[in-house]
Structures are given as structure tokens and as C-alpha cells.
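A.B. asks: Numbering (my numbering), first residue to last: 297 to 684. All residues carry an ideal CB built from backbone N, CA and C; glycine is no exception. What you are looking at is a predicted structure, and each value in this text was computed from that prediction instead of being measured.
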Amino acid sequence: MTIATETVQAGRGLCSTPPPIPLIDLKAQYAGLCDDISEALREVADSSTYVLGPQVKEFENAFAAHVGARHCVGVNSGTSALHLALIAAGVGPGDEVITVPMTFIATTWAVNYVGATPVMVDVDPVSYTMDVDQVEAKITSRTRAILPVHLYGQPAALEPLLEIGRRYGIPIIEDAAQAHAARYRGRGAGTLGQSGCFSFYPGKNLGAYGEAGAIVTDDDRIAARLRSLRDHAQSQRYHHDEIGFNYRMDAFQGAILGIKLRYLEGWTEARRRLAATYLERLADLPIQLPTEAPELRHVWHLFVVLHPERDRLRDQLEARGIGAGLHYPVPVHLQKAFAHLGYREGDFPVTERIARECLTLPLFPEMTASQQERVVDALRDVLREDHA
Ligand SMILES: Cc1ncc(COP(=O)(O)O)c(C=O)c1O
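1) Is the beta carbon of A452 less than 8 Å from the beta carbon of V595?
2) Could you tell me which residues DSSP puts in a beta bridge with G484?
3) Tell me the DSSP bridge mates of A510?
4) E507: beta carbon under 7 Å from a heavy atom of ligand 1?
5) Is the closest heavy atom of ligand 1 to the C-beta of F355 under 7 Å?
6) Inspect the beta-carbon positions of D537 and A529 and report whether they are closer than 8 Å.
7) DSSP puts Q530 in a beta bridge; with which residues?
8) Look at P658 and L348 and say whether their C-beta atoms are less than 8 Å apart.
9) Compute every distance between the C-beta of A473 and the non-hydrogen atoms of ligand 1, then say whether any falls below 7 Å.
10) Could you tell me whether any non-hydrogen atom of ligand 1 is closer than 7 Å to the CB of G374?
11) From the DSSP output, read off the bridge partner residues of R593.
12) Can you tell me whether D515 is helix, strand or coil according to DSSP?
13) What would DSSP say about A441, mapped onto helix, strand or coil?
14) Name the two residues that bound the continuous alpha helix (DSSP H) containing P645.
15) Flag this pair as yes or no: are the beta carbons of L502 and F496 separated by less than 8 Å?
16) Does DSSP classify T656 as helix, strand or coil?
17) How would you call C330, buried or exposed, if buried means at least 16 neighbouring beta carbons within 10 angstroms?
18) Decide if Q532 is buried, meaning its Cβ has at least 16 other Cβ atoms within 10 Å, or exposed.
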């Protein structure tokens, strides 16, 4: 009897359960692009130029024009982009770089790679980006760069940071890994500082089909140095002027990114519409919603809400087939890898609260209205149960 009931229920479940909603859906995006992509990949294979080459050059030019920078230098990851941007800014052993603990760890890796010390300041409780008011107190004679992160797709408060940078003669390097097509007072994220670093990791708003990244800059000399550094610092073949790196972008990624860049504006508008719907439909719930400052164009790489019982919420959403994420549950200053910096729990209360309470809801350009409605309904359900 019991077995029979279970079988019937399982059978009914199989027929009626709608498919799960992932955090992002790269397959849905590929479905609309596969013919163009296949042709571009065949062209690269036919050309037998697999590293750098015309496809990478074309993409660099198109991306520079898109963000509004003089130069774009394609590399093999966002982490490499940050590494080279710091070297080109003259940051080296013994120097300090002011940055934030609420980010993906790669921001801080890059500071470490050049032998400098990351000096953390907390993030703002509303924007979740670098708290400008805390920066000046951390400047010392060894500070060589300020490295804000445009977290979740929202540019940091760049003008006040640039003003501090000008006053102390310290360059701003933008971690724009999550902020393709974002804008600060009409200007492209990544183009206001000395250089801006992008990641094209597959899940990013502009994603490759593998690893890739880029640095944008208006400075001719920095661009030339970056081009050299990414390619073993060769001034001519087998002549190396300084310690270089193999950080070149491969041609398949350049070709794919060139095609996908044509869609970026449309995808960004879709993200913004979805975010607006979430903000409207979730406004009355007991969660902290993200915000967009009026002078910014937020590109909603991630839609992150805060709730004190985040883990339970996540499990309950998961049980309803909703893939929610955590960005990021352990802040950089509390990572074992950075224990030597000597930070303690309690040092950055805003960051620590975000880490404890953050929950990323599914948002991707191909998301349908009914998928989004299911996420909203599920969250409403879960929070109603909370108060029942
Ligand atoms: C804020 C931030 N910085 C840096 C990176 C590093 O980029 P990549 O994964 O391409 O090395 C990422 C992405 O992963 C990121 O989100």
C-alpha cells in the first residue's frame, strides 16, 4: 500500500514538476548563437593562427570602442589582467594597494603576485562597493594604487576615488571583471581610472568559451607595455626586455567574444529589465534588496539580496528547483590564504554581514517572464512560511 502510494506520487511528481531554474543558463544563450560561433571557429581553425592574431585584434578594437577607451589589450584571464595592470602601474614588492575584502579572491591575488600588500577598506552598506570615506585614512607613503571593485555589475564611486587619487598622486585601477557595459556618469566602467580590468570567464556578462580577460586604458605607453608583458616581454622575437608572461588571449576566444560583443547591449537591457521586475515584485518582502545609484548604469551581473537566514532560504529555494548562489560567503580578509595579513573577524562589519546574508537569485538575459515569476513566487512562499 505504502509502495503503491509512493509510486503514484513519484510518477505525478515527474510529470508535473517544472524544470529547475539555474542561476545562469549558458546553454540557452548558445542556442541562439551556435551557427555564427561555429563559422567563426572554423575560420580560426582554417587560418591556423591560434594565439592572438586578427580575431583577437578585431575584438580588442571593438571592445575598446564599446567601452570608450583608446586601447584594449586582450589577455588569458581577468586575474592576468589585474596582475599586468598593477605591474604597468609600477606596483612592486613592499608597496601597498588599497582594495576591498568583499570581492572574488582574484582581486587580491593580483596584489600578492606583484609582491605588494593588500590594504583593505570596508564596503559601503548600500552600494556594497568601496567605502570612499575610509580610503584616506589608509593611505601611507607606500600606497601605489587604489583598486576598487565594481561588485555585482555596479561601478564603485569613481569620481570621489579619482579625486583622492589626484590629490595623493595614486592611480586608480578598476576591477571591472563584473561590469561590462556598466557606466559611471555616462562613461564606460573601466575607462575612468588609469586602467580597467575585465574578465570574460564564461558566466560573466560577456563570457568566452574558456578563459579570457582584457585591460583597457587611454595611456599609450601603458598599453604598449601591457602588450609586451602579456607576450613574454619581447621587443623582437627572442629578445626580452624585462620579465614577461605568457598571458596571451587565444584566437578562438577572440573570435567568440567578437560575436558575443554584438549582443552585449541587448543582453544588458534584458538584465536591467529583469532586475527592475525583481525590485518591484520583491519590494514588500523582509529582505534587503540591491540598489542602483542614479549616476550609474548597473549591469546586474548578479542580483544579490540579503537575509539573516540565508542558508535556510537557499535550501528551501533549492527544494523548489531554484538555483540560488552565494557571492561571496567568505570575505577575503578571513580567507586562510591571507591569514598573514593579520585581519580578524569584526574588522569589516559591512563585508562580513554581506558574506553571512548574501543570496544570489537567478538572472540571465534569456530568462523568461514565467521563470522569473516562479522565482518570485518561490521566494514569497519561503518567506511566508518563515512568518507562519
Ligand atoms: C571581481 C572579480 N575580479 C577578478 C576576477 C578574475 O577573473 P578571471 O576568473 O577571468 O581570472 C573575477 C572573476 O572571476 C571577478 O569576479
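C.D. replies: Reading off the structure:
1) no
2) R479
3) G370 and F494
4) yes
5) no
6) yes
7) H536
8) no
9) yes
10) yes
11) R479
12) coil
13) strand
14) P645 to E653
15) yes
16) strand
17) exposed
18) exposed
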